[in-house]
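To start, the structure itself, in structure tokens.
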Amino acid sequence: MRHILSRALAALAATVVVSLVLPVAPASAHGQLATSTPLTGTVVREPLTQLGLYFTEKPASNAHFTVTGPDGSRVDNGWSFGEPKRLDKPVQEYFMVNGVFEPRLYHTGFPAMVTVAHWPAKGRYTASYLSVASDGEAVRGNVTFDYQGPSTPAPAGWVVPTAGPDAALLAQAEGEGSASPGATGGPADATGVPASDPAGATEERRDGGFPPWLVPALIVVVVSAIVLVAARRRPAARAGATATRRPVSRAGKTANVGKAANTPRKPGNRAGGRARGGRR
Numbered sequence: 005m006r007h008i009l010s011r012a013l014a015a016l017a018a019t020v021v022v023s024l025v026l027p028v029a030p031a032s033a034h035g036q037l038a039t040s041t042p043l044t045g046t047v048v049r050e051p052l053t054q055l056g057l058y059f060t061e062k063p064a065s066n067a068h069f070t071v072t073g074p075d076g077s078r079v080d081n082g083w084s085f086g087e088p089k090r091l092d093k094p095v096q097e098y099f100m101v102n103g104v105f106e107p108r109l110y111h112t113g114f115p116a117m118v119t120v121a122h123w124p125a126k127g128r129y130t131a132s133y134l135s136v137a138s139d140g141e142a143v144r145g146n147v148t149f150d151y152q153g154p155s156t157p158a159p160a161g162w163v164v165p166t167a168g169p170d171a172a173l174l175a176q177a178e179g180e181g182s183a184s185p186g187a188t189g190g191p192a193d194a195t196g197v198p199a200s201d202p203a204g205a206t207e208e209r210r211d212g213g214f215p216p217w218l219v220p221a222l223i224v225v226v227v228s229a230i231v232l233v234a235a236r237r238r239p240a241a242r243a244g245a246t247a248t249r250r251p252v253s254r255a256g257k258t259a260n261v262g263k264a265a266n267t268p269r270k271p272g273n274r275a276g277g278r279a280r281g282g283r284r
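Each residue of the sequence shown is one higher than the last, beginning at 5 in our numbering.
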């Protein structure tokens, strides 16, 4: 039993490792955040004038960015496109091509430079973003970091921003607008051409279907079920076989012992020889 469980655990562990090693496709749109300056979860000790959010494709021209301080008030002061840069670690995204998900690596990050008006206090800051990718799906998320630098005053005449995302952007992000990248302020570059990947390959629109991360998860579940069923059947089969053999063996032994015990010995009679008379 221990041997079976050991093999089962080893098989399950191998399956889990394989599933973790396999690349996982993002569950939402393309054009996801590749990296940021500062990185999420890090500590900032100097008052930055801008935050850099780098995406795998150029953000929409009407993308919405905010930066909030520890008390929840906004400290952002607009954003602009920045110079693309090569990513230290390529980002992999998946595209549905002829019913099959194909991976594609992105080596370039396209930034949105978000201006920070001032740093009112130490604590946690959050940079939020909302855009629409070239496939028409929403790109949204947060970058959080801890600021431990000096406090800086707000610039003269600066007013805390209260504007929310553009109505057309919200419509597209919620799936109510056109899925065409060029409609109602979709992610287009300066020439009005939809943003493409850095390698210049044509972006494939994702069709419906299951997400690729579901494949390794299903493998783990199926293998676990097979292992558990096998582990339960083998002890039952062995117990049945043992129960079948033991009574026959014992009966046979009992019969032989009884026969040997009940057979009387004839005095003076040797095996294979004649009985000797009393005459010398």
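Don't be surprised by glycine CBs; every beta carbon is placed ideally from N, CA and C.
Handout entry: Beta-ladder partner(s) of residue 135, from DSSP
Key = Indexing the sequence shown from 1 puts residue 135 at position 131. In DSSP, residue 135 forms a bridge with 143.
Handout entry: Between the CA atoms of residue 166 and residue 135 - distance to the nearest angstrom
Key = On the sequence shown, residue 135 is found 131 positions in, with the first residue counted as 1. On the sequence shown, residue 166 is found 162 positions in, with the first residue counted as 1. Distance between the alpha carbons of residue 135 and residue 166 is about 18 Å.
Handout entry: Cβ-Cβ separation, residue 46 to residue 149 (assumed contact under 8 Å), whole Å
Key = Within the sequence shown, the letter at position 145 stands for residue 149. Within the sequence shown, the letter at position 42 stands for residue 46. Contact between residue 149 and residue 46 holds: CB atoms are separated by about 5 Å, below the 8 Å threshold.
Practice task
Would you tell me roughly how many angstroms separate the C-alpha atoms of residue 53 and residue 120, rounded to the nearest one?
Solution key: Numbered from 1 along the sequence shown, position 49 holds the residue referred to as residue 53. Numbered from 1 along the sequence shown, position 116 holds the residue referred to as residue 120. Linking residue 53 to residue 120 through their CA atoms gives a straight-line distance of about 5 Å.
Problem - C-alpha gap between residue 43 and residue 101, whole angstroms - result: The sequence position of residue 43 within the sequence shown is 39, counting from 1. The sequence position of residue 101 within the sequence shown is 97, counting from 1. If you draw a straight line from the Cα of residue 43 to the Cα of residue 101, it is about 33 Å long.
Problem - Check whether residue 69 and residue 88 have beta carbons under 8 Å apart - result: By 1-based counting over the sequence shown, the position of residue 69 is 65. By 1-based counting over the sequence shown, the position of residue 88 is 84. Not closer than 8 Å, so no.
Practice task
Check whether the stretch 116 to 131 touches the stretch 157 to 171, taking contact to mean three or more Cβ pairs, one atom from each stretch, closer than 8 Å.
Solution key: Remark: three or more beta-carbon pairs, one from each stretch, lie closer than 8 Å, so the stretch 116 to 131 and the stretch 157 to 171 are flagged as touching.
Practice task
Identify every run of the beta strand (DSSP E) within the stretch 81 to 114, keeping only runs that are complete inside it and at least 3 residues long; order them along the chain.
Solution key: 89 to 101
Problem - Sequence-distant residues of its chain with Cβ nearer than 7 Å to residue 77 (five each side left out) - result: Within the sequence shown, numbered from 1, the residue matching residue 77 stands at position 73. 164, listed in sequence order.
Handout entry: Unbroken alpha helix (DSSP H) run spanning residue 1, endpoints
Key = Examination of residue 1 is not possible in this model, given that the chain is present from 5 through 284 alone.
Problem - Rounded C-alpha distance that separates residue 176 from residue 111 - result: On the sequence shown, position 172 is the one that residue 176 refers to. On the sequence shown, position 107 is the one that residue 111 refers to. The straight-line gap from Cα to Cα measures roughly 27 Å.
Practice task
Determine the burial state of residue 155: buried for a count of at least 16 other Cβ atoms within 10 Å of its Cβ, exposed for fewer.
Solution key: Position 151 of the sequence shown, counted from the start, is the residue given in the question as residue 155. It counts as exposed.
Exercise for the section: Would you kindly report the start and end of the unbroken alpha helix (DSSP H) that includes residue 36? Expected result: Numbered from 1 along the sequence shown, position 32 holds the residue referred to as residue 36. Following the DSSP letters along the chain, one finds residue 36 in no alpha helix (DSSP H), marked with neither H nor E.
Practice task
Classify residue 84 as buried or exposed, calling it buried when 16 or more other Cβ atoms lie within 10 Å of its own Cβ.
Solution key: Along the sequence shown, read from residue 1 onward, the residue named residue 84 stands at position 80. Only exposed fits residue 84, as fewer than 16 other CB atoms lie within 10 angstroms of its CB.
Practice task
Would you grab the beta carbon distance between residue 126 and residue 96 for me? Rounded to a whole angstrom, and I think it's under 8 Å.
Solution key: Taking the first residue of the sequence shown as position 1, residue 126 is located at position 122. Taking the first residue of the sequence shown as position 1, residue 96 is located at position 92. 36 Å between Cβ atoms; not a contact.
Problem - CA-to-CA distance, residue 40 to residue 142, given in whole angstroms - result: Position 138 of the sequence shown, counted from the first residue, corresponds to residue 142. Position 36 of the sequence shown, counted from the first residue, corresponds to residue 40. Taking the straight line from one Cα to the other gives about 19 Å.
Handout entry: Residues sharing a beta bridge with residue 48, DSSP
Key = The residue labelled residue 48 in the question sits at position 44 within the sequence shown. By DSSP's assignment, residue 48 forms a beta bridge with 151.
Problem - Three-state class that DSSP yields for residue 172 in the structure shown - result: Here residue 172 refers to the residue found at position 168 of the sequence shown. Residue state, collapsed to three classes: helix.
Handout entry: Proximity below 8 Å, CB of residue 35 to CB of residue 138
Key = The residue you call residue 35 lines up with position 31 of the sequence shown. The residue you call residue 138 lines up with position 134 of the sequence shown. Their beta carbons are under 8 Å apart, which means residue 35 touches residue 138 by this criterion.
Practice task
Rank 222, 226, 232 and 174 by C-alpha distance to the C-alpha of residue 67 and give the top, closest one.
Solution key: One-based indexing of the sequence shown puts residue 67 at position 63. Out of 222, 226, 232 and 174, 174 has the C-alpha closest to the C-alpha of residue 67.
Practice task
Would you identify the three-state DSSP class for residue 163, choosing helix, strand or coil?
Solution key: On the sequence shown, residue 163 is found 159 positions in, with the first residue counted as 1. Three-state result, residue 163: coil.
Handout entry: Delimiting residues of the beta strand (DSSP E) encompassing residue 79
Key = Numbered from 1 along the sequence shown, position 75 holds the residue referred to as residue 79. Where residue 79 is concerned, there is no enclosing beta strand (DSSP E), given that its DSSP letter is neither H nor E.
Practice task
Within its chain, find whatever has a CB closer than 7 Å to the CB of residue 94; leave out the 5 residues flanking it on each side and keep chain order.
Solution key: The count along the sequence shown starts at 1 and reaches residue 94 at position 90. The residues are 109, 110 and 111.
Practice task
Determine the DSSP secondary structure at residue 177, reduced to helix, strand or coil.
Solution key: Start at 1 with the first residue of the sequence shown, and residue 177 comes out as number 173. Judged by DSSP in its simplified three-state form, residue 177 adopts helix.
Exercise for the section: Identify the continuous beta strand (DSSP E) that holds residue 43 and give its terminal residues. Expected result: In the sequence shown, counting from the first residue as 1, residue 43 sits at position 39. Counting along the chain, residue 43 falls outside any beta strand (DSSP E), and DSSP gives it neither H nor E.
Exercise for the section: Answer with buried or exposed for residue 146, where buried requires no fewer than 16 other C-beta atoms within 10 angstroms of its C-beta. Expected result: Walking along the sequence shown from the start, residue 146 turns up at place 142. Answer is exposed; the Cβ neighbour count stays below 16.
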